[in-house]
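Residue numbers (UniProt numbering): 1 to 270.
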């Protein structure tokens, strides 16, 4: 496996910080500006990044991420364009953990093994396939492992003990801990507290948990980390910065830098 997540958590632990991980859809609002946006995420403080490959049926996503997908597809973003952008980001930021959060049909389209080979060649550290249940995930996890890519699994708040044990066994890198049920979106806030969920993940020795879904404010990032999460993931709130500034690239990048900096600042524990 890639050591980038492990190295990141070690660096952050030494500084008494948690991780802040933003998500954007590659190609939103167009491939050229998307590359600048991803650069801005990193230079403004993101410890790792989660990227989506635009897909026509994003069933785990709420209206904000769906809007990002539509903008990316309308601007001509294809999987090849996405991997080209990832390769550029990898070349510029060699220590940055890069994850993909996507859907199974995009993996099947290339063949599972071929897809993970391409991920490894592009410099992707992890893949989370959102619409594959844990019971059917073994072929994906096996292909990921064979290509030195971490397989990321979602831990929902209603996961039973068997599911917790399985995601801990198959996962590596980190665990995507859901704060609540439903689809992505900042409209519905993260559920807190998460102590019971964290205790169960620890019981099964799962990879470090990053809390996602409904994270949009620095106070939520701080609360998640103080509760024991290794960090927090924000998607829809980050994409909203793009949505609100889609016609002004300069303002978009400035506002994005300010937002990411504020979210990262909340990861510092006293």
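C-beta atoms are modelled at their ideal positions from N, C-alpha and C, and glycine is treated no differently.
C-alpha gap between residue i and residue j, whole angstroms
{"i": "residue 2", "j": "residue 130", "result": "21 angstroms"}
{"i": "residue 47", "j": "residue 254", "result": "19 angstroms"}
{"i": "residue 13", "j": "residue 25", "result": "29 angstroms"}
{"i": "residue 92", "j": "residue 122", "result": "12 angstroms"}
{"i": "residue 98", "j": "residue 61", "result": "20 angstroms"}
{"i": "residue 242", "j": "residue 264", "result": "18 angstroms"}
{"i": "residue 106", "j": "residue 218", "result": "33 angstroms"}
{"i": "residue 40", "j": "residue 167", "result": "32 angstroms"}
{"i": "residue 82", "j": "residue 116", "result": "14 angstroms"}
{"i": "residue 176", "j": "residue 260", "result": "20 angstroms"}
{"i": "residue 70", "j": "residue 64", "result": "10 angstroms"}
{"i": "residue 245", "j": "residue 37", "result": "12 angstroms"}
{"i": "residue 173", "j": "residue 158", "result": "22 angstroms"}
Among the options, the one whose alpha carbon lies nearest that of residue i
{"i": "residue 247", "options": "17, 5, 33, 22", "result": "33"}
{"i": "residue 165", "options": "267, 117, 200, 111", "result": "200"}
{"i": "residue 104", "options": "128, 78, 158, 4", "result": "128"}
{"i": "residue 23", "options": "256, 270, 267", "result": "256"}
{"i": "residue 215", "options": "240, 204, 205", "result": "240"}
{"i": "residue 223", "options": "138, 179, 238", "result": "179"}
{"i": "residue 160", "options": "267, 142, 50, 135", "result": "135"}
Bridge-paired residues (DSSP) for residue i
{"i": "residue 176", "result": "154, 210"}
{"i": "residue 22", "result": "234"}
{"i": "residue 50", "result": "23, 99"}
{"i": "residue 268", "result": "17"}
8 angstroms contact criterion, which residue i and residue j should meet: CB distance rounded
{"i": "residue 126", "j": "residue 152", "result": "5 angstroms"}
{"i": "residue 102", "j": "residue 140", "result": "Residue 102 to residue 140, Cβ: 11 angstroms. No contact."}
{"i": "residue 86", "j": "residue 124", "result": "6 angstroms"}
{"i": "residue 231", "j": "residue 198", "result": "That belief does not hold up - the Cβ atoms of residue 231 and residue 198 are roughly 12 angstroms apart, past 8 angstroms."}
Distance cut-off 6 angstroms: residue i Cβ against heavy atoms of the ligand ZN
{"i": "residue 81", "result": "Here there are no bound small molecules, and the ligand ZN is not part of this structure."}
4 or more residues per run - each alpha helix (DSSP H) lying fully within the region 87 to 122: Secondary structure within the region 87 to 122: the alpha helix (DSSP H) runs of 4 or more consecutive residues, fully enclosed, are 104 to 108, 112 to 122 (chain order).
Whole alpha helix (DSSP H) elements within the region 122 to 146, 4-residue minimum: 138 to 146, all fully within the region 122 to 146.
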